[in-house]
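First the structure, in the form of structure tokens, and then the observations on it.
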Amino acid sequence: MRPHGPSAEGTGAGGPGAGWVDASAADGLAAGSAAAGSPTGGNPTTETSAAGSPTVVSVTDLEIRLAGGPVLLAGAGLALRRGRITALTGPSGAGKSTLLRALIGDLPAGAHVSAGRIEVLGHDVLTLSPERLRHLRRHRVAYVGQDPGSALDPRMRVRRLVAETAVDPSPRTVRNLLAECRLPVGDGLPDRRPGTLSGGQQRRVALARALARRPDVLLLDEPTAGLDTALRDEISDLLRLLATTRDMAVVLACHDPDLVARCADEVVELGKAIRPAPRPAPRPAAVPKARPVRAGAGAEAGTGGDPPGTGLAAHGLEVRFTRRGHPHRALAGVDFAAAPGSATGIVGPSGSGKTTLLRVLAGLRSPDAGTLTLDGRPLPAPARKRGRTMQRRVQLVPQNPLGTLNPARTVGATLARPLRLHRIAAKEDIAGRVAELLDDVGLPADIARRRPHELSGGQRQRVSIARALACAPDVLLCDEVTSALDPGTATAVMELLTGLRAARRLTVVLVSHELHLVAAYTDTVHVLEAGRVTASGPTGHLMPANR
Amino acid sequence: MNEAAIRRAGAAAEATAAPAPRRALAAAGRAGLVLAQRALLLSVLLAVVFAAIELLPGDAATATSERGESAAGTAARRHLLGLDRPVWERFGDWMTALPTGDLGTSARGERVTGLLAAPFPNTLLLGATAFAVTLVTALALGCWGALRPGGAVDRILGLACGIALALPEFVVSVGLLLALSLWTGWLPPVTLTAPDGSPASWTMLVMPVLALAVPQAGWNARIVRGALADQADAPHVTAARLDGLSPRRVLLRHALPGAWPAIATGAATSTGMLLGGAVVVETLFNYPGLGTVLSGAVADRDTPVIAAVVACTGAVISLVLLGADLVRARTLGARP
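Taken in sequence, the protein lines are chains A and B. So the first sequence is numbered by the working numbering: it starts at 1 and just counts up by one. So the second sequence is numbered by the working numbering: it starts at 1 and just counts up by one.
Listed below in structure tokens is the structure:
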């Protein structure tokens, strides 16, 4: 793990710290292009620190707060060195994303730094002129956000997305970069647009786009959320390799203890003391609350819900896409069944059609062939033909909460809408019910006044779960609902769903790459590969083999 | 004729894009359906025009009668013009003749096609030039303001565009006449017509075009600016900014493409305003276009001429709106 650079440099002029800062500030522009050409050699500003590799980013006692509002980040300290990977962990809402964005001089709207300083490659990013800051972002520090699906321009092809930031935008280099990020370049992926890629592929395209500029510092927010174990390991090996060969400082904010164990050299845990870690609402309180609501809604809808149905089933689902004239089958004859009160896991590699299957079940995409049934009765494929009761009974928690929560509405308004729409709560009870829903997913009630962009990734994901639960559904389709949650919160959310399953015979369909969650909280598993179910059966039989 | 050409071009484009002939056929069917809808819309519009003229006091026979013509003479001419028949019969006759290119006969006994042959291209030239000037100015001003949101340029432009869009065409025309013609003498104050019926020199187009374009450019610049402001908050635009791309690149490559649907729709609605404003502006500058023909025809209660003018301008507006819809479909189609 020793970087190659410093040994070749020998002793630089001046002492550590001040001398390095001055040199770097003086030739910031030149150093950017020099580093781009040869990342390990020829950088005059590199200085060996006491620990053996140079510190490129240092954050001391950083505190960020909203004007007159809550503290977003308190007393954060961080030191990044070349060639090393630092993991940033901490509970959801601890300020991991805020810290990463602050490193490139971007603070949330209305926020300011109330204490501490940030030094990146010798620049104080908080006082840097806009043009120098832009240069820093363009050539030396790359940031990949939590939600690459919406961060990639939906109208640009992958090829251009990567070439846009690349030092060398030639098609060959771009292909190599994509291949380096384990993307299949042979089947026309470079000519596709982000909307046609799976969540995992989007994430890797965003990574390729970040690497294309050959940065000195790479900031990754949840780099492996939504990726399966095999891909996650490949990505973490890739990061390891890049950190060493390119002598790059990597910092990743993540919840995944396996990833941290696998590739991080150092771990920085953020602000345990800022907010109490969100705890799940006590089960006995949550379950009885849900019961009368469901009964009322059921009586109003006339379906009762008591006669044991057969649950949600699908037969022979086919979904075809045409990609530049070439047909592509996202689902090829998939059969699916989930009994009431059961929990079914869907696992499989990235791009195998898991999300497409959920979207078909939710009625967001009509299959080209195949049928859906709910409790033995046919379920129309498009959601808008399903009628209000059917719509209420099948709910989807989407993969990408930022893209699916209305940015103009407060969380309270978002949650109140399904309550009103399906007449689940009386007008005067709505505020109380919203608070209960938030409590169920472990969020404080005052979140109801905030808007989605003011929340952390994990908080958004929980709001999105609460929105789906607001309709008192019978079937809950969860697409990577725990990808942005820390293990504690993820377990709490899964416990909540398990409690609802027992209390209301809620059917849970869980798409996840977190196999330990699937193993612990589902009873049946379907394994999806390239649009086909290759194995299905009781979790106990299938999962030990996968683990 | 226009529609047929577009249909052919559309079919050709579909054929190259889709390998399967069945898909090409389906696409052509969809295109045909869309064009049929537009045609239906146009005929409803023409029916409204016929009804509206019927409701105006007086008819073509009285409006065009010679001084001292006897009541019997007027009645005879009314019969000759077919005005004693019910309006829906006359509408039916006129509509069934339309596909053959026959626009009927005016109250003064001239072929309507002949009446419009010279003015219509002139108005199209005026309108198209004003449209191009509007679009370029609006895009330039909107993008300029969006480069530094809330900056001095942005605020001044916002105010100036607000004033420009509030100015009626005739006020702008009078201002232009004073400034460019009477005080400085740079441009001719009225349009002289060449023997072929077109304006004698391009300098005569400048002021009418500006008079039409200034209010519309104000309106469209505000739309461009607003659409870009919406896009600036999109996650992928934020991400592009955090990637350190230059403000110009972020604006032109990442924000503007997403703003096209709003811009195209705004510009397309301007077509109607441009052609409507042309009536006033053409009268003021004595420009030989449809405006003069139309105002004369309304005074004469000359239904076939009015309907023909409406049919021509309506077809143009309809085509531009169709183009805007295509831009929208194309841009939004690139999304998941």
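Positions of the beta carbon are idealized from the N, C-alpha and C atoms, including for glycine. These figures come from a predicted structure and were not determined experimentally.
Fill in: beta strand (DSSP E) runs contained entirely in the segment 153-223 of chain A, provided each spans 3 or more residues
Every beta strand (DSSP E) stretch that sits fully inside the segment 153-223 of chain A and reaches 3 residues is listed by chain position as 217-221.
Item to complete: Please report how far the alpha carbon of residue 163 of chain B lies from the alpha carbon of residue 53 of chain B, in whole angstroms.
Response: Here residue 163 of chain B refers to the residue found at position 163 of the second sequence. Here residue 53 of chain B refers to the residue found at position 53 of the second sequence. Each residue's alpha carbon lies about 35 Å from the other.
Discussion item. I want to verify the contact list: residues of chain A whose CB lies under 7 Å from the CB of residue 329 of chain B, in sequence order.
Written reply: Numbered from its first residue, the second sequence carries residue 329 of chain B at position 329. Neighbours of residue 329 of chain B on chain A: none; closest Cβ ~13 Å, over 7 Å.
Worksheet item: Name the chain C residues that come within less than 9 Å of residue 245 of chain B, Cβ to Cβ?
Response: The chain labelled as chain C is not found among the protein chains of the depicted structure, namely A and B.
Discussion item. Would residue 268 of chain B and residue 323 of chain B qualify as a contact pair, given that the criterion is a beta-carbon distance under 8 Å?
Written reply: Position 268 of the second sequence holds residue 268 of chain B. Position 323 of the second sequence holds residue 323 of chain B. Yes, these two residues count as a Cβ contact at 8 Å.
Fill in: is_contact[residue 80 of chain A, chain B] using C-beta, thresh 8 Å
Reading the first sequence from its first residue, position 80 is the one you call residue 80 of chain A. Answer no: the Cβ-Cβ gap between residue 80 of chain A and chain B never drops below 8 Å.
Practice prompt. Indicate the three-state DSSP secondary structure (helix, strand or coil) for residue 315 of chain A in the structure shown.
Written response: Here residue 315 of chain A refers to the residue found at position 315 when the first sequence is read from its first residue. In the structure shown, residue 315 of chain A adopts extended strand secondary structure according to DSSP, grouped into three states.
Discussion item. Contact criterion: CB-CB distance below 8 Å. Does residue 79 of chain B meet it with respect to chain A?
Written reply: Along the second sequence, read from residue 1 onward, the residue named residue 79 of chain B stands at position 79. By this cut-off, residue 79 of chain B is not an interface position.
Practice prompt. Please state if the CB of residue 278 of chain B and the CB of residue 129 of chain B are separated by a distance shorter than 8 Å.
Written response: Taking the first residue of the second sequence as position 1, residue 129 of chain B is located at position 129. Taking the first residue of the second sequence as position 1, residue 278 of chain B is located at position 278. Cβ distance not < 8 Å, so residue 129 of chain B and residue 278 of chain B don't count as in contact.
Discussion item. Within 8 Å of any Cβ in chain B, is that where the Cβ of residue 147 of chain A sits?
Written reply: Residue mapping note: residue 147 of chain A aligns to position 147 of the first sequence, counting from 1. Yes - at least one Cβ of chain B is within 8 Å of the one on residue 147 of chain A.
Worksheet item: What does residue 143 of chain A touch in chain B if you count any residue whose Cβ is under 8 Å from its own?
Response: For the purposes of this step, residue 143 of chain A is identified with residue 143 of the first sequence, where counting begins at 1. The CB of residue 143 of chain A comes closer than 8 Å to the CB of 242 and 243 in chain B, given here in chain order.
Worksheet item: In chain B, which residues lie less than 8 Å from residue 501 of chain A when you measure between Cβ atoms?
Response: Along the first sequence, read from residue 1 onward, the residue named residue 501 of chain A stands at position 501. Here the premise fails: no neighbours, minimum Cβ distance about 31 Å.
Discussion item. Is there a Cβ of chain B sitting closer than 8 Å to that of residue 152 of chain A, yes or no?
Written reply: Residue mapping note: residue 152 of chain A aligns to position 152 of the first sequence, counting from 1. Closer than 8 Å to some Cβ of chain B, the Cβ of residue 152 of chain A qualifies, so yes.
Discussion item. Beta-carbon within less than 6 Å of residue 26 of chain A's beta-carbon, same chain only, minus the 5 sequence neighbours each way: which residues are those?
Written reply: Here the question's residue 26 of chain A lines up with position 26 in the first sequence. Caution applies to residue 26 of chain A, whose pLDDT of 37 falls short of 50 and renders its modelled position unreliable; the value that the coordinates give is listed next. If we look at residue 26 of chain A and ignore the five residues flanking it on each side, it has no Cβ neighbours.
Worksheet item: In whole angstroms, what separates the C-alpha of residue 199 of chain A from that of residue 149 of chain A?
Response: Counting from 1 along the first sequence, the entry for residue 199 of chain A is found at position 199. Counting from 1 along the first sequence, the entry for residue 149 of chain A is found at position 149. If you take the alpha carbons of residue 199 of chain A and residue 149 of chain A, they lie about 7 Å apart.
Practice prompt. State whether the segment 312-328 of chain B contacts the segment 217-231 of chain B, with contact taken as three or more CB pairs (one from each stretch) at a distance under 8 Å.
Written response: With a cut-off of 8 Å, the segment 217-231 of chain B and the segment 312-328 of chain B do not count as touching, because too few Cβ pairs lie within range.
Discussion item. So for residue 161 of chain B, helix, strand or coil by DSSP?
Written reply: Residue 161 of chain B sits at position 161 when you count from the first residue of the second sequence. Of the three classes helix, strand and coil, the one that applies to residue 161 of chain B here is helix, per DSSP.
Worksheet item: Using a Cβ-Cβ distance under 8 Å, would residue 226 of chain B count as near chain A?
Response: By one-based count along the second sequence, residue 226 of chain B stands at place 226. Not one beta carbon of chain A lies nearer than 8 Å to the beta carbon of residue 226 of chain B.
Fill in: residue 499 of chain A - containing alpha helix (DSSP H), residue span
Taking the first residue of the first sequence as 1, we reach residue 499 of chain A at position 499. Counting along the chain, the unbroken alpha helix (DSSP H) around residue 499 of chain A starts and ends at 487-504.
Worksheet item: Is residue 27 of chain B close to chain A, meaning its C-beta is less than 8 Å from at least one C-beta of that chain?
Response: Along the second sequence, read from residue 1 onward, the residue named residue 27 of chain B stands at position 27. No, its Cβ sits nowhere closer than 8 Å to a Cβ of chain A.
Worksheet item: Is it a yes or a no for the segment 165-172 of chain B touching the segment 248-256 of chain B, going by three-plus beta-carbon pairs under 8 Å?
Response: The segment 165-172 of chain B is not in contact with the segment 248-256 of chain B.
Item to complete: Please classify residue 386 of chain A: does DSSP put it in a helix, a strand, or coil?
Response: By 1-based counting over the first sequence, the position of residue 386 of chain A is 386. DSSP, reduced to helix, strand and coil, places residue 386 of chain A outside both helices and strands of the structure shown, so it counts as coil.
Discussion item. So residue 239 of chain B contacts chain A; which residues on that side make the cut at Cβ distance below 7 Å?
Written reply: Residue 239 of chain B sits at position 239 when you count from the first residue of the second sequence. Correct list: 145 and 151.
Item to complete: Please report the residue range of the beta strand (DSSP E) in which residue 327 of chain A lies.
Response: One-based indexing of the first sequence puts residue 327 of chain A at position 327. 326-338 is the extent of the beta strand (DSSP E) around residue 327 of chain A.
Discussion item. Taking the straight line between their C-alpha atoms, what separation do you get for residue 70 of chain A and residue 453 of chain A?
Written reply: Within the first sequence, residue 70 of chain A is the residue found at index 70, counting from 1. Within the first sequence, residue 453 of chain A is the residue found at index 453, counting from 1. One alpha carbon belongs to residue 70 of chain A, the other to residue 453 of chain A, and they sit about 15 Å apart.
Fill in: Host alpha helix (DSSP H) of residue 359 of chain A (start-end)
Numbered from 1 along the first sequence, position 359 holds the residue referred to as residue 359 of chain A. Residue 359 of chain A -> alpha helix (DSSP H) spans 354-362.
Worksheet item: Taking 7 Å as the line, does the beta carbon of residue 183 of chain A fall inside it for any heavy atom of the ligand MN?
Response: Absence of the ligand MN is noted for the structure shown, with no ligands found whatsoever.
Worksheet item: If you scan the segment 116-146 of chain A from start to end, which runs of the beta strand (DSSP E) of 3 or more residues do you find wholly inside it?
Response: Restricting attention to beta strand (DSSP E) runs no shorter than 3 residues, the segment 116-146 of chain A encloses them at 141-144, ordered along the chain.
Item to complete: Take residue 84 of chain B as the anchor and find which of B:106, B:104 and B:60 has the nearest alpha-carbon.
Response: Walking along the second sequence from the start, residue 84 of chain B turns up at place 84. Comparing Cα positions, the closest option is B:60.
Worksheet item: Helix or strand or just coil, what does DSSP make of residue 286 of chain A?
Response: Taking the first sequence and counting its residues from 1, one reaches residue 286 of chain A at position 286. Confidence at residue 286 of chain A is low in this model, with a pLDDT of 35, below 50, so its placement is unreliable and the value that follows should be read with caution. In the three-state scheme derived from DSSP, where H, G and I count as helix and E and B as strand, residue 286 of chain A is classed as helix.
Discussion item. Can you pull out the residues from the segment 86-112 of chain A whose beta carbon lies closer than 7 Å to at least one beta carbon of chain B?
Written reply: Of all residues in the segment 86-112 of chain A, 104 and 106 have a Cβ within less than 7 Å of some Cβ in chain B.
Worksheet item: Is the distance from the Cβ of residue 274 of chain B to the Cβ of residue 210 of chain B below 8 Å?
Response: As a working note, residue 274 of chain B is residue 274 in the second sequence. As a working note, residue 210 of chain B is residue 210 in the second sequence. With contacts defined as CB atoms closer than 8 Å, residue 274 of chain B and residue 210 of chain B fail to qualify as a contacting pair.
Fill in: Straight-line gap, residue 297 of chain B to residue 266 of chain B (C-alpha atoms, nearest Å)
To locate residue 297 of chain B, count along the second sequence from 1; it is residue 297. To locate residue 266 of chain B, count along the second sequence from 1; it is residue 266. A direct Cα-to-Cα measurement between residue 297 of chain B and residue 266 of chain B gives close to 30 Å.
Worksheet item: Which chain A residues are close to residue 272 of chain B, counting only those with a beta carbon under 7 Å from its beta carbon?
Response: The residue you call residue 272 of chain B lines up with position 272 of the second sequence. What residue 272 of chain B touches in chain A: nothing, since even the nearest Cβ is about 29 Å away.
Fill in: C-alpha distance - residue 231 of chain B paired with residue 459 of chain A, whole-angstrom precision
Taking the second sequence and counting its residues from 1, one reaches residue 231 of chain B at position 231. Taking the first sequence and counting its residues from 1, one reaches residue 459 of chain A at position 459. C-alpha separation (whole angstroms): 25 Å.
Discussion item. Give me the chain A residues within the contact set of residue 258 of chain B, using Cβ-Cβ distance strictly less than 9 Å, ordered along the chain.
Written reply: Translated into positions along the second sequence, residue 258 of chain B becomes position 258. Result: 153, 154 and 155.
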